[in-house]
Amino acid sequence: MEIVLKEKIKEAVKIIYNSEVKDDLIQIQETRKDFKGDFTLVVFPLLRFSKNTPEKTGETIGQYLKDNFTAVSGFNVIKGFLNLEISDAWWVEYFKKIAAEKTHLENCKVSHPETILVEYSSPNTNKPLHLGHIRNNLLGFSLYRILSGCGHRVIKTNIVNDRGIHICKSMLAWQKFGNGETPESSGMKGDHLVGKYYVLFEKNYKEQVEKLIQNGIDATEAKNSATLMKETREMLLKWETGDEEIVSLWKMMNSWVYVGFDETYKKLGVDFDKIYYESDTYKVGKDIVLRALKEKILYRNEDNSVWADLTPDGLDQKLLLRSDGTAVYMTQDLGTAVDRYKEFNFDKNIYVVGNEQNYHFQVLKALLKRIGYNWADGLIHFSYGMVELPEGRMKSREGTIVDADDLIKEMQLTAMEVSLELGKLSDFSDEEKEDIFRKIGMGALKYYILKVDPRKNMTFNPAESIDFNGNTGPFIQYTYTRIKSVFRKAEHLGINTGQISFSGTKTGPKEIELIKLLRKFSETVSAAATSYSPALIANYCYDLSREYNQFYHDFSILGEAEEEIRNFRMVLSKVTSEIIYTGMWLLGIEMPERM
RNA sequence: GGUUCCGUAGCUCAGUUGGAUAGAGCAACAGCCUUCUAAGCUGUGGGUCGCGCGUUCGAGCCGCGCCGGAAUCACCA
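Offset between the first sequence (1-based) and my numbering: plus 4.
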């Protein structure tokens, strides 16, 4: 509509003022709720052509549009704003098109689909997933749904940081203090068990360091020379040389972790098309580094460590191989990127990684380009903000880490309590109830996290828990189930709910408001795809739900005596439910049929 | 100190390429269930958009300078 209006306005200016107008001078926006009208033309930029007051110019153009464009049924001018009223008939015609859509994502399809890798989750195998990972997983998965919804070929990948010094820490602690404990023997989830040994390592290591410092040794020196650290480094070296005992220990402990992760992923409803393991890719990275070293792109330090000098790019020196020859994080990320490009020839490779690693990705990109990989332009760091607690950042030392499994469980329990209190599900089987509690609890959690602009840090208050009223997932789910309920009743009454025909000649302002909002769905999804922001869709779903709830409250649907009006309201409700469903689907949020 | 990001109601957050009187929810208070689900709807109060200057017909949004906060600048990942 805006496009057509623009053309008409250009035409108007040409005929009335005999001037050609550039597109960007014609600013059309939706009319604010406080004024009468649907679209508003900002006339200030056109004064140079009219050489007249804003009011007079608005009047003149408005009159022209009303006379020459049937969709415009009226207008008013306030200050420099020309408010155009669009006829109900036009809106209804528009709505008919939306109602006929098969998926509601048709208009979002891009003209040139790309191959896009989305890397998300990226856990370390030394501890279980926490709240930060939840944000990561939800963002990554939603991004996948949104981009593929827009027609891109999207590959979900995960890089598992399954090697490195931190992994050796939990291995060493288990070797020393574990007494052969396994997930079976302890009844602990595998990732939590391994995490327990990581914590144990840190505790003992800290004690050693403190003892050394008390004996008068300098702090950095103490950290380096503590027996546990020395042993860990030896272990890493052994691991890199393929020591059988270490490798089999590593395999065993990692396998425990994977079982645990899979369980959490399943509960979160996320999955992957291809999983990379750092233990595979770090070698590729090492080769790349050594080759680049030969080509003098990198340099070797006196102590045998290998570095890149990125000062010409405005960055620093970056270590790529330690003096003992082992690889660091950056080394393997080089390998992973190259591997992926070889395999998928991607247009974009999106890394869903926290903003604490902004520098890392700047370096990664610069480094790849330096080595000669021009496709590195397609690397995108989708940098999201940290999740903080009311008292600040989560700290393992202070035991304030919010565990993913615990949180999920808690959300579902809360959903259960609230549901039981409201007592609307008494005629359901336990199994069905469980399913509904799960959907509501996860819906609340997911929405809570996804509604926030991903780039921003967000605060999570576990004490207040997550609300189920207002701008929340359950509110949107509730709206959806209300519509479902209407249709159940309609069927019960023997009203045909399949093909509902309507002409829409009798519509009220509330219905038109809803149509306007429904119309904005595809542009919202497109915006979410280009700006990588599921939050746009979340907030849209909320706006739509709120608008529908008002409509639902003010008007009876099935109780409407006039069939013409009733049918129109039914279709309006149906399309609303479809769009809410689709929007929430893009966020990875499941919808219950009743709640 | 360098770089990057963030400062909007008591709290959590929205706010399109700069447009009209800055919006929601939570919390507080006051109403609305004989009806398709009250996890809802309606109303009231609540703001120096961190501060200042500049660009502009017009700035929460753009530029510069401060103030406050976060991240990062590891032979950690």
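For each residue, glycine too, the CB sits at the ideal point set by N, CA and C.
- Taking 7 angstroms as the cut-off, the beta carbon of T161 is found closer than this to the beta carbon of L121.
- Following the DSSP letters along the chain, one finds Y280 inside the beta strand (DSSP E) bounded by residues 278-281.
- Comparing alpha carbon positions, the residue from G382, D266, I375 closest to A408 is D266.
- Here N353 is buried. Its C-beta has 16 or more other C-beta atoms within 10 Å.
- Beta-carbon to beta-carbon, V367 and L314 are separated by about 6 angstroms, close enough to satisfy the 8 angstroms threshold.
- For D313, the uninterrupted beta strand (DSSP E) run begins and ends at 310-313, by DSSP.
- Of the candidates Q179, E105, D337, Q179 places its Cα closest to the Cα of E249.
- Relative to D381, the option among V356, G396, F350 whose CA is nearest is F350.
- By the CB criterion at 7 angstroms, I375 and M599 fall outside the cutoff.
- The C-beta distance from V490 to I412 rounds to 32 angstroms, too long to fall under 8 angstroms, and the pair is not in contact.
- In the DSSP assignment, M462 is bridged to V391.
- Within the same chain, V158 come within 8 angstroms of S152 by CB-CB distance, once the 5 residues on both sides are set aside.
- In the DSSP assignment, the residues bridged to T44 are Q33, N87.
- Boundaries of the alpha helix (DSSP H) harbouring I444: 434-454, taken from the DSSP string.
- In this structure, F145 keeps its C-beta atom at 7 angstroms or more from the C-beta atom of G477.
- Classified as exposed, V114 has fewer than 16 neighbouring CB atoms from the shown chains inside 10 Å of its CB.
- Take A16, set aside five residues on each side of it, and the residues of its chain with a beta-carbon closer than 7 angstroms to its own are I65, Y68, L69, in chain order.
- Judged by DSSP in its simplified three-state form, F79 adopts strand.
- Put simply, the segment 508-518 touches the segment 569-580. At least three CB pairs are less than 8 angstroms apart.
- Close CB contacts of L253 within its chain, under the 6 angstroms cut and outside five residues either way in sequence, are with M175 (chain order).
- Exclusion of the five residues before and after V251 leaves W243 as the residues of its chain whose Cβ lies within less than 8 angstroms of its Cβ.
- With fewer than three CB-CB distances shorter than 8 angstroms, the segment 215-235 does not count as touching the segment 275-294.
- By the beta-carbon neighbour count (other beta carbons within 10 angstroms, threshold 16), F276 is buried.
- V261 has its alpha-carbon roughly 10 angstroms from the corresponding atom of P127.
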